[in-house]
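Reviewing the structure listed below.
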């Protein structure tokens, strides 16, 4: 029975019952009058012209003893009839003569079942969207808000991306790590992630454009460093089930020691990365001789490193090349300079996944996946290990969702598979996405597959395209009791006799054929300790809410950016780096504590202004990382002229309390602007400190130059030892100001300035004028005033 039919029955049922009782009583009264008095007048009137005649007579002549007798007879007859009708209805409804099926059969989950399981009513952004239940406007979202992992199944082009991955990327507010081989998710959902105030990174080793990640940046200090190094070595040298563990197990110890040397040795300054580990095996001298020299020249290294080297030297000389060969083979991808450059530094900090959410898209062309798969596997393994180091603290409130699409492409992820049940409590939710069950069986075997999927509370089958997976789903849905009837006929001389018998049999709730024939717009959801449910499949491309969301965040799409990989020049090992200019900006992840303090201050003041500070914080981070000052100037101008374009301000205009809150919010805009300016100056200072040694600032002679000059140009004397025209090759005004200040301090220290106080005042005036132009104009140009010393 449909919902509106139930409502109609509840509302109209009592009235219909009363009407039926009234009609039955009237009929009984008219019939009693005819039977007792042999007068048919009342009966003829009731059946022909006046249905109310029995009631009228009973009302007007209630004091008549004969009428009272008729009322009692009619009431008793009506009561008896009501009891017979009620009893018959109950018998027809419950059919006690029928044999009931046994209890314990399976069935499909109802909305009430999902409600009791906590799958309806989850908060968007804090829960995982699985699908909808119901039709039309009555459909409700089905969401999972727990900590368990997911298994998502669907053949190629069945809708795994549009029905699960993309739909959650546009609304999940925590950090996400996505295996995005084709960069489709980044292109279509990156704008939505930016609109949440998150940064988007793309790690695409081997590609010309990629953000960088160096696994050695995330090893802890001693003594925990030895554990981290061994974990890295284990990831690089996995041991197969049928392999002889001795060779790789021994090679792991050697590799961990070499990794420790690269992270600790002063000789590795400026190149503490995995390519340097590989280069240690190709220095031109025997590796054993190299280790001996290190033991002699660098005895201050940690005992873990020195012991690893000594143990290798103590092994049989003929076996050493085999152990070294295992390490070289594991590090072979770093012979590719693009892959090595992508792992030379870190543009993002994996330790911030639970503190400051960001989005990480892991990409690689399908044709190159076999080559870069070890690196991607190592990245996933390190994220997994970092999450397991400690339970989330008060400063780590955000969940992390890791969606491993095409899980089959990884050779093996044994640590994740073995420890999947433990990770859920650490704020990391893993969604393993595969095309079918046989793929997992091929990698890990049926027993491991059963343990892996069995430890996942949520299993979402977006599509089923093979018999094995269909049987798995059919068995997981369970079996129901179905009545079966059998009959037989006995033929005799005097006639025939037919006998029948019934029984209840357990049959699949949905057999394998029915599972494979499921409508393309439906999915099957299975949750531990609950009935399976058939949900409506989501569609990122056509459903209204997702189309509207894409339109809402379309303006952020132009801010998606993947930097080009810069190939730095290498220099021989064990030699100091030559003094050559660097063309690479410092890693985005390498921020100072002061910068973090500025971020906290801006975030605090933004919350005092905006109800939702996420758009403002996103614009702030974009301006902070920009080389030019235009983004910062635009942001400050919008804050001053039209702050509503950056978000909804606190308060309103309706009530007195709302107006007061709006006034307080507007008064907090100026301190917010000051915090943003201070953060911008700090970011410039950090960048200049990293690149100041490579910046060319010089005095030129009196020739006119097309480049920007600051200082008087008419008074130059070609006979003087130096001219007072300063040519600065910068495009950014803030860089020019910083270099002017440095140069002025050098001149003061060298006693070549006659009036140091006047020069200092002039520089302060230039700085103040520049600050004012930055705050009051969207155009960030150097002040027109020219100051000379």
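Residue numbers (mature numbering (1 follows the signal peptide of the UniProt record, and there is no 0)): -19 to -1, 1 to 770.
Don't be surprised by glycine CBs; every beta carbon is placed ideally from N, CA and C.
Can you tell me the Cα-Cα spacing of residue 207 and residue 257, whole angstroms? 19 Å
How should residue 324 be labelled, buried or exposed, when 16 other C-beta atoms within 10 angstroms of its C-beta is the threshold for buried? buried
Quick one: what's residue 383 bridged to in DSSP? 158, 411
Residue 256 lies in the alpha helix (DSSP H); which residues open and close that run? 255 to 260
Could you pull out every residue in the same chain whose Cβ sits closer than 6 Å to the Cβ of residue 377, ignoring the five residues on either side in sequence? 335, 336
For residue 559, which of helix, strand or coil comes out of DSSP? coil
Look up residue -9 in the DSSP assignment and say whether it is helix, strand or coil. helix
So, under 8 Å CB-CB, residue 130 and residue 401 are touching, yes? Tell me the CB distance rounded to an integer number of Å. 6 Å
In whole angstroms, give me the CA-to-CA distance for residue 584 and residue 623. 19 Å
Specify whether the stretch 230 to 245 and the stretch 287 to 296 touch according to this definition: at least 3 beta carbon pairs, one from each stretch, less than 8 Å apart. yes
Is the stretch 430 to 444 in contact with the stretch 110 to 129, if contact means three or more CB pairs nearer than 8 Å? yes
Look at the alpha carbon of residue -3 and the alpha carbon of residue 68, and state the distance between them as a whole number of angstroms. 15 Å
Excluding the 5 residues preceding and the 5 following residue 572 in the sequence, name in chain order all residues of the same chain whose CB lies nearer than 6 Å to its CB. Model confidence at residue 572 stands at a pLDDT of 44, short of 50, so the residue's coordinates are unreliable and nothing is read from them.
Unbroken beta strand (DSSP E) run spanning residue 200, endpoints: Taken as a continuous stretch (DSSP letters only), residue 200 belongs to no beta strand (DSSP E), as it is neither H nor E.
Are residue 391 and residue 424 close, meaning C-beta to C-beta below 9 Å? yes
From what residue to what residue does the alpha helix (DSSP H) around residue 337 run? Per DSSP, residue 337 belongs to no alpha helix (DSSP H) and is neither H nor E.
Among the candidates -6, -7, -5, 24, whose CA atom is the shortest distance from the CA of residue 8? 24
Confirm, please, whether the CB-CB distance from residue 643 to residue 630 is below 9 Å. yes
For chain C, find out if any of its Cβ atoms is closer than 9 Å to the Cβ of residue 277; answer yes or no. Among the protein chains of the structure shown there is no chain C, as only one such chain exists.
Minimum C-alpha distance to residue 546 - residue among 52, 318, 307: 318
For the stretch 366 to 374 against the stretch 403 to 421, are there 3 or more C-beta pairs whose distance is under 8 Å? yes
For residue 781, which residues from the same chain have a beta carbon less than 6 Å from its beta carbon, with the 5 sequence-adjacent residues on both sides left out? Because the chain is modelled from -19 through 770, residue 781 falls outside the range shown and cannot be assessed.
Any chance the stretch 194 to 205 sits against the stretch 222 to 237, with 3 or more Cβ pairs inside 8 Å? no
The stretch 292 to 312 in contact with the stretch 158 to 171 per 3-pair CB rule at 8 Å: no
Nearest-angstrom Cα distance between residue 27 and residue 4? 10 Å
Among the residues of its own chain, which have a CB less than 7 Å from the CB of residue 488, if the five just before and after it don't count? 460, 461, 463
What number of angstroms, rounded off, separates the C-alpha of residue 138 from the C-alpha of residue 416? 10 Å
N-terminal and C-terminal residue of the alpha helix (DSSP H) that residue 434 is part of: 427 to 435
Quick check: the stretch 339 to 358 against the stretch 271 to 286, are there 3 or more CB pairs under 8 Å? no
Below 8 Å on the Cβ atoms is my contact criterion, and I expect residue 123 with residue 516 to pass it. Report the Cβ-Cβ distance as a whole number of Å. 6 Å
Nearest-angstrom Cα distance between residue 311 and residue 140? 36 Å
For residue 507, which beta-bridge partners are listed by DSSP? 440
Is residue 377 helix, strand or coil by DSSP? coil
Hey, would you say residue 229 sits closer than 9 Å to residue 154, going by beta carbons? no
Check whether the Cβ atoms of residue 353 and residue 186 sit closer than 9 Å, and answer yes or no. yes
Within the same chain, show all residues whose beta-carbon is closer than 6 Å to that of residue -9, passing over the 5 residues directly before and after it, in chain order. none
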